[in-house]
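K.L.:
Dropping a structure here in structure tokens format, bear with me for questions.
In the working numbering, the protein residues as written are 10 to 66.
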């Protein structure tokens, strides 16, 4: 399966990132059914473990 986000050109990627928002807790009242059929991009910001920011796993 191809990564949808990586198939976009830079302008499209930036436009998509500009639409990002956090979902409210109540949007998950019925599980993740709200996301069914949608294209979702999860942007990570690194490892959040004992040593956040460390590149060692």
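Backbone N, C-alpha and C fix where the C-beta goes; we use that ideal spot for every residue, glycine too.
When DSSP labels each residue in this structure, what does residue 19 get in the three-state scheme?
P.N.:
Residue state, collapsed to three classes: helix.
K.L.:
In whole angstroms, what is the alpha-carbon distance linking residue 42 and residue 31?
P.N.:
Approximately 16 angstroms between the Cα atoms of the pair.
K.L.:
Quick check: residue 13 and residue 47, are their CB atoms within less than 8 angstroms of each other?
P.N.:
Result no, Cβ atoms of residue 13 and residue 47 do not sit closer than 8 angstroms.
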